[in-house]
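A short write-up of the structure that comes next.
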Amino acid sequence: MRASIMFCVAALGVLASDPVCASSDFSFIHKDIKCTEREIQRANHELFSKVLSELMRTTYFRLFRVQLDGECPLEKPEEKKEDPGCAPPPDIFSPNGGGFGAASAPAPEPLCSLNLDGADALVDKTLSKAEDSAVSLSEEECDDENLPTFWLNLCAKLPFHDGKKDYINLQLNPEQFTGYNGSDIWAAVYSENCFDNSEENMCYEERFLYRLLSGLHSSINLHISENYYPPRKGKRETWEPNLERFKKQFVGQESRFKNLEFAFVVLLRALRKATPTFKELAFDAGDLDEALRTQKLVNILLDSHVLSSCEEVFEAFDETLLFEDKESHQPSTMSNLKRKFKGIFHNISSTFHCVKCQKCRLHGKLQLLGIGTALKILLLPPELLRDNIAREEVVALFNTIGKLSEAIEIYTRFNNLSVEMANKDINIDNFPPNDIPEIVLSSPVADVVEAGLAAVSKGVQKKTLSEEEEDALVDALLDNDKDVMLLGKHFALNKQFDSFIRHSTRRLNLEKRGLIPDVIIVGAGLAGLAAAVTILDRGGSVVLVDKEGVAGGNSAKASSGINAIDLSSKMMYDDSVERFKADTLKGSGKLGDEKHELVDILTEGSPDALEWLRTRANMSLYERGQLGGHSRGRTWRPAAGLAGSEMIAAITKVLKPFTKDESRCRFLKKTQALKLVLNGDGTFSGVELQDLKTKNTFTVNAKAVIIATGGYAYHNVPHPLLEEVRPDLTPFATTNGRFATGDGIRMATAIGGDTIELDHVQVHPTGFVDPADPSNPVKTLAAEILRGVGGVLLDDAGERFANELGTRKYLSEAMMHHAEAKAGEQPKFLLLLNEEAASKAPKHIPMYVAKGLIKKYDTIKDLAEGNNLDIEAVQRTVVEFGKSLRDPQAHPDHFNRTVFPGTGFEQGPYYAGFVTPVLHYCMGGLKINGDTQILNRNGVPVGGGTVYAIGETVGGIHGENRLGGNALTECVVFGRHIGETLPLQGAENQEKKVATESAKKTADSGAEDSERKISMEELSKHNSAQDCWISISGKVYDFTDFVEDHPGGAEALTKLAGLDGTEEFFAIHSESLLEDYDPVGQLVT
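Using mature numbering (1 follows the signal peptide of the UniProt record, and there is no 0), the letters of the sequence shown map in sequence onto residues -16 to -1, 1 to 1069.
See below:
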């Protein structure tokens, strides 16, 4: 169990002045580092960086032994208990400061494995005396905070002592960009330990540790920015930097570099204190000459001017002030503080077990151990150092100093380059003399202009201004526009930049010039994308916002298909809109209601939705299946690929050309909507947003807003909406992504929006139980199409117990009831398909098999033995079901199943995997009318009638049960519905715009047609390291030249060669990684 140890002023239950914080003098941390920062940088450049670089290549220091695996404390939410001592008041800390929960669900091992080649041959297998001493320490010596030995086990959560650990050659595993996003880990490090508040509120000890961790964080980011773009044949020979990434993370964030320098000085201080110990070390790695050379390099560092003479460097802080209360002299209080300090370091160490990228985990643990070693050295008495610093701690300390040293060099290079480029951009000689306004710099007018331009600059940095808006505001300021200058005086000069921009753009009447967008769409799932493209096709302008780094949301996970009436084939399949409507109402339990306006829109709009996907999105949706609760087969899917992800990829491709013109379409990713902004009269004005990377907040104004943020069935977060409306469902696992937390519902209700049927949350009957991780709270959905093509469910006796094609509500309840009848066991059943059924899901089955969720069995005997079932019972079950398949009239199904898509079930091979009921979909949500306007409790549209909602964030359509396949239908139908009816600016010019966009559409279609088409058969032939093609989101990429240079090793790519790697890619990587590669072609059936 993880002890959630919170270390902060509020956690200890005192004010900042309370003596429990050991010292209220923060001057040690506020000072700039003495002996001048420039001198430190010069010494680092001229000496430290060069010697450390050479030292890191020696045998002793390049071999590092560490336990890379370990239990992740974030993956077991049921074991977590909130520390009641860390309940910070809202005016001091973030409301979410105390909890990270299980927001990062366990992910597959990423493509970031380590290179161990050559390491073992260079390893000294013996333990030094120091290691022996550390291993033999008794727990009692480390438990008594009054003994000097208390700090000996500070690094205990970063173990390296037992024989299971591998030596890793650090030179073969340099710190580079792997594509892994570790923001959740850092969020846990800071928020779980109450580091998310302002530094001013931290006590001496907390501030000290916070700045060390911040310095480590800065160092890691600088190394990644330096080695970002990998070598590519024909493009670049070596790793190359990403200057833009550096600018986003460090320009305007000076404290991050200061914390890096602070950490560097702290470790140098530790190095100086341990100089006598390090002077005695032999640094033996099996070669005497190598050992002598290593000792010489170490001595150069230890004897350097900065360490031996520059005393002021080490006045930036004083570790002797830690845990020292000179006023109250309360030993018990200081003992408590020591325990909490050690506990928080152990807590952070354990959190690093959660890093899913092996290479990232290696460097994170190496550097955290380096910091821990420095703290041990600083906190232990000198006489204890010699026998209690292990070899791996020495290696970690020196390597960490080396990494911090190199990070300072990287920062200096990048910063100089940024300044140089900025100077080129604003060189006054580049402007004609007549364009330079004559302004007396000391005049009040100049102050207003300068403040206004600063506001515009902030807007550009935060991406809240388009290029045209920027031009208009700059022109108005430089022309001293009377109204804009007046606004600048009252808002910009007071640094109310968002208000200045909002009022200035309104006053300049920019909306008439088409610069204020028609709509902000919050949520880039299928509903939001369908609305965006439809509005853009009409000539409108859109700002699309999503808190994830890629489009899709839960829509991308939907795999069974979209329900629709195909007007060209409805007679062939004896189907109709009326039948579709009747099935939907029956499944929802709405048969007694009189008015079903939203169901009418859903079903009647389905033919157009299907046609739009086939034509506008160029999708091949001609495979038809039947899902539970439907009287006819009307679920359409692509022959290759999963329906949801294919739709997202196709519509994203349609959207992409529009994003090249920011006045038409801006896509703000990794951006979260915080609240809806209203004018004084209650009409909608804009949306307050937050850039999740920079944490900057800003407001985007628009004529309307469409909320398409999805449902609320992800509950592994603090204060989940699900817990408020259906607390009884929180024990269930979920198929939802971490983004499905009901943000849109909360925003809309905050301005008076009403909700409907929030308690209607769908439990899907089949979520896979991963044998490798059965307790994972996030499950992979076992697509309903698996039952639709002929799959059955077996209990632990090997028998069927329900109609597998009944509604989801019926089947989930049957499973839970059946489990209760079996002595209350967890509902867990075997999903079974034979070869004939599996062949009808050619995309699903291979994917599930590859993920280890489904296993193939050649015979009934293998199946029964492999799953601990009675062979005779299983044999009897498949024989009986096979008879019903062949002749349902003569052998009616015992559970009233009436759809039998197959000719038999008795012959293997078989495919089987365990499933359990899971949270899947929210039928409840915001109350809307037929125009998708959000209504208040009186049925009146909120926000002046320009606040809309679509997709899963809406309630009132599906009742108490949604039929499978209707989710994608709802997204496209209602996305198209609002897209076609939303009032647009300059409506009189729409015909011209539509004509223009039609021409664009035709051109795009032509481009689409000209792109090379690649079949699954062709893709499968390129399946080796020498010929490595991988499909990602419907695009086929040739990664052959990148195989050997891949940061995670060649195997990570070659195991996906010739296959679709979409899910594996997006499980760890961001979409930006693909920007460097041109696709070979498009995957088609």
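Backbone N, C-alpha and C fix where the C-beta goes; we use that ideal spot for every residue, glycine too.
Who are the Cβ neighbours of residue i in its own chain at under 7 Å, not counting the five residues just before and after it?
i: Ala857; result: Ala781, Gly782 and Glu783
i: Thr261; result: Leu369, Arg370 and Ile373
i: Val661; result: Ser669, Gly670, Val671, Glu672 and Thr683
i: Arg598; result: Leu605
i: Asn226; result: Ser209, Tyr212 and Tyr213
i: Lys231; result: Ser402
Give the range of the beta strand (DSSP E) segment to which residue i is assigned.
i: Ala514; result: Note, Ala514: premise wrong, no beta strand (DSSP E); alpha helix (DSSP H) at Leu510 to Asp521.
i: Thr681; result: Thr681 to Asn685
i: Phe48; result: Leu47 to Val50
i: Lys839; result: Lys839 to Tyr841
i: Ala593; result: Premise fails: Ala593 lies in the alpha helix (DSSP H), Ser590 to Thr599, not in any beta strand (DSSP E).
i: Lys997; result: Lys997 to Ser999
i: Cys56; result: From DSSP, Cys56 is part of no beta strand (DSSP E); its letter is neither H nor E.
i: Gly940; result: That residue, Gly940, is in no beta strand (DSSP E); it is neither H nor E in DSSP.
DSSP three-state call for residue i: helix, strand or coil?
i: Gln674; result: strand
i: His748; result: strand
i: residue 1075; result: Absent from the model: residue 1075. The displayed extent of the chain is -16 to 1069, so no value can be given.
i: Cys955; result: helix
i: Glu875; result: Note that residue 875 is His in the sequence shown, not Glu. It is coil, neither helix nor strand.
i: Gly571; result: helix
i: Pro689; result: Just to set this straight, residue 689 is Val in the shown sequence, not Pro. In this structure, Val689 counts as strand in the three-state DSSP scheme.
i: Gln351; result: helix
i: Gly909; result: strand
i: Asp104; result: Bear in mind that a pLDDT of 33 at Asp104, under 50, signals an unreliable position, so the number given afterwards is only what the model happens to contain. DSSP places Asp104 in helix when its eight states are reduced to three.
i: Trp223; result: coil
i: Leu462; result: helix
i: Ala857; result: helix
i: Pro315; result: Because Pro315 carries a pLDDT of 48, less than 50, the predicted location of this residue cannot be relied on, and no value is offered for it.
i: Asn818; result: strand
i: Tyr151; result: strand
i: Arg881; result: coil
i: Pro72; result: Residue confidence for Pro72 is low, a pLDDT of 28 falling below 50, so the modelled location carries little weight; the figure read from the coordinates is stated next. The answer is coil: DSSP assigns Pro72 none of H, G, I, E or B.
i: Ala933; result: strand
i: His1006; result: coil
For the alpha helix (DSSP H) that contains residue i, what are its first and last residues?
i: Glu607; result: First-last for Glu607: Glu607 to Gly609, but that is the beta strand (DSSP E), not the alpha helix (DSSP H).
i: Thr1038; result: Glu1035 to Thr1038
i: Ala627; result: Ala627 to Leu639
i: Gly850; result: Ile844 to Gly850
i: Ala172; result: Ser167 to Ser175
i: Tyr832; result: His828 to Ala834
i: Lys446; result: From DSSP, Lys446 is part of no alpha helix (DSSP H); its letter is neither H nor E.
i: Lys34; result: Ser33 to Leu39
i: Ala488; result: A small fix is needed here, since residue 488 is Ser in this sequence, not Ala. Where Ser488 is concerned, the enclosing alpha helix (DSSP H) stretches over Phe481 to Arg491.
Please list, in chain order, all residues of the same chain as residue i whose beta carbon is under 8 Å from its beta carbon, the five residues on each side excluded.
i: Ser544; result: Gly609, Leu611, Thr619, Arg621, Ala627, Ala767, Glu768, Ile769, Gly772, Gly948 and Gly949
i: Met603; result: Leu597, Pro622, Glu630, Met631 and Ala634
By Cβ distance, which residues of its chain are closer than 6 Å to residue i, with the 5 residues on each side in sequence left out?
i: Glu393; result: Ser33
i: Gly512; result: Ile505 and Ala692
i: Phe1049; result: Ile1016
With a cut-off of 8 Å, does the C-beta of residue i fall near any C-beta of chain E?
i: Gly628; result: Absent here is chain E; the protein component of the structure consists of one chain.
Which whole runs of the alpha helix (DSSP H) in the region 225 to 274 are 4 residues long or more, in chain order? Segments of the alpha helix (DSSP H) lying fully in the region 225 to 274: 227 to 234, 238 to 257 and 259 to 264.
Would you call the region 905 to 916 and the region 861 to 880 touching, i.e. three or more CB-CB distances under 8 Å? no
Answer yes if the region 896 to 905 comes into contact with the region 830 to 839, meaning at least three C-beta pairs across the two stretches below 8 Å, and no otherwise. Enough Cβ pairs lie closer than 8 Å, so yes.
Runs of beta strand (DSSP E) wholly within the region 703 to 776 (minimum 3 residues, chain order): Here the runs fully enclosed are 745 to 752.
If we count Cβ pairs, one from each stretch, closer than 8 Å, do we get three or more for the region 534 to 543 versus the region 577 to 593? no
Under 8 Å: do the region 454 to 469 and the region 485 to 492 share three or more Cβ pairs, one atom per stretch? yes
Taking contact to mean 3 or more Cβ pairs, one atom from each stretch, closer than 8 Å, check whether the region 702 to 714 and the region 645 to 657 are in contact. Counting Cβ pairs under 8 Å, fewer than three are found: no touch.
Any contact of the region 227 to 247 with the region 274 to 286, i.e. 3+ C-beta pairs under 8 Å? no
Can we say the region 513 to 531 touches the region 473 to 485, given the rule of at least three CB pairs closer than 8 Å? With the cut-off at 8 Å, the region 513 to 531 and the region 473 to 485 do not touch.
I'd like to know if the region 926 to 940 and the region 864 to 877 are in contact, where contact means that at least 3 CB-CB pairs between them fall below 8 Å. no
Between the region 735 to 749 and the region 879 to 892, are three or more C-beta pairs nearer than 8 Å? Counting Cβ pairs under 8 Å, fewer than three are found: no touch.
Would the region 249 to 257 count as touching the region 351 to 363 if we require 3 or more Cβ pairs under 8 Å? yes
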